[in-house]
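Engineer:
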Amino acid sequence: MDQGISALIIVCGFVIGFAGIALASYRRKRRLRAETDDLGRRLGARWFTADLGLPFGRVADPFTGAPYTGTGKAFDYAFAAEYRGRRVVLIEYSTQTVTSGSTSRTSHHSIQVLGPRTTPLKIISRSVAVPTILFGGLTEAPTGHARFDEQFRVLAKDPATVAGAVPPAVIDWLLAHPDGQAAMITFAGDGFEIAMPGPLPGWDSTRTLNELADLADVYESGAVRLSQRLELTTQPPPGNKALSVGAGCLIGATVIFWITAFTISNPASGLVVIAVLGGLLAIGLLLGWLAARRRRNRNASANIRPPAP
55 MDQGISALII VCGFVIGFAG IALASYRRKR RLRAETDDLG RRLGARWFTA
105 DLGLPFGRVA DPFTGAPYTG TGKAFDYAFA AEYRGRRVVL IEYSTQTVTS
155 GSTSRTSHHS IQVLGPRTTP LKIISRSVAV PTILFGGLTE APTGHARFDE
205 QFRVLAKDPA TVAGAVPPAV IDWLLAHPDG QAAMITFAGD GFEIAMPGPL
255 PGWDSTRTLN ELADLADVYE SGAVRLSQRL ELTTQPPPGN KALSVGAGCL
305 IGATVIFWIT AFTISNPASG LVVIAVLGGL LAIGLLLGWL AARRRRNRNA
355 SANIRPPAP
């Protein structure tokens, strides 16, 4: 077949592939927002679009003072609620970066559990790869607990404030949860916060809220208080079948276009590629089926879990 036709097939494959990826990204964003809306309703939250109406919580980085409204004056999304006897705030906002005449938009989110007064500092698990440029001018300082300092970084504007700022009960709790959501936590002065790039993580926000509330309990009293917990992390995602099928078809069509172009240019190798992709597809379907079965076997329904006796 003419080389021009092969090139056209490859170009069409790229176009369809980008369309499929964009549709899948749009679907994921809608799913996360639907999950966060559901979480807010279950918490009896109030929603806000501007920091002026937020009844409590911080609207700026505790170290740099950078506003959580990004370059604008409004949040992309925010709600405030009472949970486990504490005030909680979830915020999503965007920042814009201009490079070489092009503008890129980046989402960020902040999950806050307000509570005890703390010394402002940031604790990051050493298992989390974080570029030092993101430390924002903070300096690492030891706590004096050898095992803790080996597993965690403690960052503060003034290293002299770190000594005694992390209670022994909190150190023990963090050592027992090295891979939890609290693996990158901010002691914000008015409570605790997880602030990261990306949109709010939907129902997975409940895990962050629970861990931050546990941490606040441990900080105040040395132990987690018995309280009702909202568990939504095992819920199946609210799917839009049309979007799912559309994204799958577009990405599948991309693979077909590329295989076709490769087979035309090299028939023998093309058959090998088809066989390998067929095997990978079968493995992927099997893993997907096993994952779906595991989700069904878990408690898939949202519920309020009563405190343990």
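Quick note: the sequence shown uses the numbering used here, first residue 55, plus one each step.
The beta-carbon is built from N, C-alpha and C at its ideal position, and this holds for glycine as well.
1) Specify, as a first and last residue, the run of the beta strand (DSSP E) that Phe246 falls within.
2) Here's the rule: buried if 16 or more other CB atoms are within 10 angstroms of the residue's CB, otherwise exposed. What is Asp268?
3) To the nearest whole angstrom, what separates the beta carbons of Ile248 and Ile239, a pair I think is in contact under 8 angstroms?
4) Considering Cα atoms alone, identify which of Leu108, Gly252, Pro116, Ile177 is closest to Thr149.
5) Got a sec, what are the start and stop residues for the alpha helix (DSSP H) Ala267 sits in?
6) Is any beta-carbon of chain C found at less than 8 angstroms from that of Leu86?
7) In whole angstroms, what separates the C-alpha of Asp271 from that of Gln282?
8) Does the beta-carbon distance from Glu136 to His163 come in below 8 angstroms?
9) Pick out the complete beta strand (DSSP E) segments inside the stretch 111 to 173, 3 residues or longer, and give them in chain order.
10) For the structure I just gave you, are there three or more beta carbon pairs, one from the stretch 169 to 177 and one from the stretch 205 to 212, closer than 8 angstroms?
11) Quick check: the Cα distance between Ala128 and His199, rounded to an integer number of angstroms?
12) Between the alpha carbons of Arg250 and Leu168, how many angstroms are there, rounded?
13) CB-CB under 7 angstroms to Asn264, same chain, minus the five flanking residues each way: which ones, in chain order?
14) I'd like to know whether the C-beta atoms of Leu93 and Trp257 end up nearer to each other than 8 angstroms.
15) Thr193 by DSSP, collapsed to three states: which one?
16) With respect to the alpha helix (DSSP H) encompassing Phe202, which residues constitute its N-terminal and C-terminal limits?
17) Since Thr240 sits in a beta bridge, which residues does DSSP pair it with?
18) Quick check: the Cα distance between Arg87 and Pro255, rounded to an integer number of angstroms?
19) Use the C-beta contact count for Ser156: other C-beta atoms within 10 angstroms, 16 or more gives buried, fewer gives exposed.
20) In this structure, how does DSSP classify Arg96 when only helix, strand and coil are distinguished?
21) Sort Ala183, Thr173, Asp130, Ser154 by Cα distance to Thr160 and report the nearest one.
22) Measure the C-alpha to C-alpha separation of Ile75 and Arg96 and round it to an integer number of angstroms.
23) Quickly, what does DSSP pair Trp101 with across the bridge? List them, please.
24) So, is Thr262 buried or exposed, given that buried needs 16 or more other C-beta atoms within 10 angstroms?
25) Which of helix, strand or coil does DSSP assign to Ala336?
26) Specify the secondary structure class of Arg283 as computed by DSSP and reduced to three states.
27) Taking only the alpha-carbon atoms, compute the straight-line gap between Trp343 and Gly139 and give it to the nearest angstrom.
28) Starting from Val224, follow the alpha helix (DSSP H) in both directions and report where the run begins and ends.
29) Hey, would you say Arg171 sits closer than 8 angstroms to Asp115, going by beta carbons?
30) Report the rounded CA-to-CA distance for Gly218 versus Thr197, giving the unit in angstroms.
31) Return the Cβ separation of Thr173 and Phe117 in integer angstroms, given the expectation that the two are a contact with Cβ distance under 8 angstroms.
32) Is DSSP giving Ile358 helix, strand or coil here?
Structural biologist: Answer, in terms of the structure:
1) Along the sequence shown, read from residue 1 onward, the residue named residue 246 stands at position 192. Start and end: 245 to 251.
2) Residue 268 sits at position 214 when you count from the first residue of the sequence shown. Under this definition Asp268 is a buried residue.
3) The residue given as residue 248 occupies position 194 in the sequence shown. The residue given as residue 239 occupies position 185 in the sequence shown. With a contact defined as Cβ atoms closer than 8 angstroms, Ile248 and Ile239 qualify at about 6 angstroms.
4) Reading the sequence shown from its first residue, position 95 is the one you call residue 149. Checking every option, the nearest Cα to that of Thr149 belongs to Gly252.
5) By 1-based counting over the sequence shown, the position of residue 267 is 213. Start and end: 259 to 275.
6) Reference to chain C is not applicable here, since this structure consists of a single protein chain.
7) Counting from 1 along the sequence shown, the entry for residue 271 is found at position 217. Counting from 1 along the sequence shown, the entry for residue 282 is found at position 228. Going from the Cα of Asp271 to the Cα of Gln282 covers about 14 angstroms.
8) For the purposes of this step, residue 136 is taken as residue 82 along the sequence shown, with counting starting at 1. For the purposes of this step, residue 163 is taken as residue 109 along the sequence shown, with counting starting at 1. If you check the CB distance, Glu136 and His163 do not come in under 8 angstroms.
9) As far as the stretch 111 to 173 is concerned, its whole beta strand (DSSP E) runs of at least 3 residues are 131 to 137, 140 to 153, 156 to 168.
10) Counting Cβ pairs under 8 angstroms, three or more are found: they touch.
11) Here residue 128 refers to the residue found at position 74 when the sequence shown is read from its first residue. Here residue 199 refers to the residue found at position 145 when the sequence shown is read from its first residue. If I take the Cα positions, the gap works out to 42 angstroms.
12) Taking the first residue of the sequence shown as 1, we reach residue 250 at position 196. Taking the first residue of the sequence shown as 1, we reach residue 168 at position 114. Before going further, note that residue 250 is Met rather than Arg in the sequence given. Taking the straight line joining both Cα atoms gives about 17 angstroms.
13) For the purposes of this step, residue 264 is taken as residue 210 along the sequence shown, with counting starting at 1. Contacts found: Arg283.
14) Mapped onto the sequence shown, residue 93 falls at position 39. Mapped onto the sequence shown, residue 257 falls at position 203. Yes, these two residues count as a Cβ contact at 8 angstroms.
15) Indexing the sequence shown from 1 puts residue 193 at position 139. Strand.
16) For this step, residue 202 is matched to residue 148 along the sequence shown. Secondary structure note for Phe202: its alpha helix (DSSP H) is the uninterrupted segment 200 to 205.
17) Looking up residue 240 in the sequence shown gives position 186. Answer is Lys176, Glu247, bridged to Thr240.
18) The residue you call residue 87 lines up with position 33 of the sequence shown. The residue you call residue 255 lines up with position 201 of the sequence shown. About 8 angstroms.
19) Within the sequence shown, the letter at position 102 stands for residue 156. Answer is exposed; the Cβ neighbour count stays below 16.
20) As a first step, residue 96 is located in the sequence shown; it is residue number 42 there, counting from the start. Under the three-state reduction of DSSP, Arg96 is assigned to helix.
21) Taking the sequence shown and counting its residues from 1, one reaches residue 160 at position 106. Taking each of Ala183, Thr173, Asp130, Ser154 in turn and checking the Cα distance to Thr160, the smallest one comes out for Asp130.
22) If you number the sequence shown from 1, residue 75 lands on position 21. If you number the sequence shown from 1, residue 96 lands on position 42. For the pair Ile75 and Arg96, the Cα-to-Cα distance works out to about 32 angstroms.
23) For the purposes of this step, residue 101 is taken as residue 47 along the sequence shown, with counting starting at 1. Answer is Phe133, bridged to Trp101.
24) Mapped onto the sequence shown, residue 262 falls at position 208. A residue is called buried once 16 or more other Cβ atoms fall within 10 Å of its Cβ, and Thr262 is buried on that count.
25) In the sequence shown, the residue the question calls residue 336 occupies position 282. Annotated three-state conformation of Ala336 is helix, per DSSP.
26) To locate residue 283, count along the sequence shown from 1; it is residue 229. Strand.
27) The residue given as residue 343 occupies position 289 in the sequence shown. The residue given as residue 139 occupies position 85 in the sequence shown. Their Cα atoms are separated by approximately 40 angstroms.
28) To locate residue 224, count along the sequence shown from 1; it is residue 170. Start and end: 222 to 230.
29) Here residue 171 refers to the residue found at position 117 when the sequence shown is read from its first residue. Here residue 115 refers to the residue found at position 61 when the sequence shown is read from its first residue. No.
30) For this step, residue 218 is matched to residue 164 along the sequence shown. For this step, residue 197 is matched to residue 143 along the sequence shown. One alpha carbon belongs to Gly218, the other to Thr197, and they sit about 7 angstroms apart.
31) Here residue 173 refers to the residue found at position 119 when the sequence shown is read from its first residue. Here residue 117 refers to the residue found at position 63 when the sequence shown is read from its first residue. With 8 angstroms as the limit, Thr173 and Phe117 do not qualify as a contact, their Cβ atoms being about 12 angstroms apart.
32) Here residue 358 refers to the residue found at position 304 when the sequence shown is read from its first residue. Summary for Ile358: the model assigns pLDDT 42, below 50, so the residue's position carries little reliability; its value from the coordinates is reported in the next sentence. In this structure, Ile358 counts as strand in the three-state DSSP scheme.
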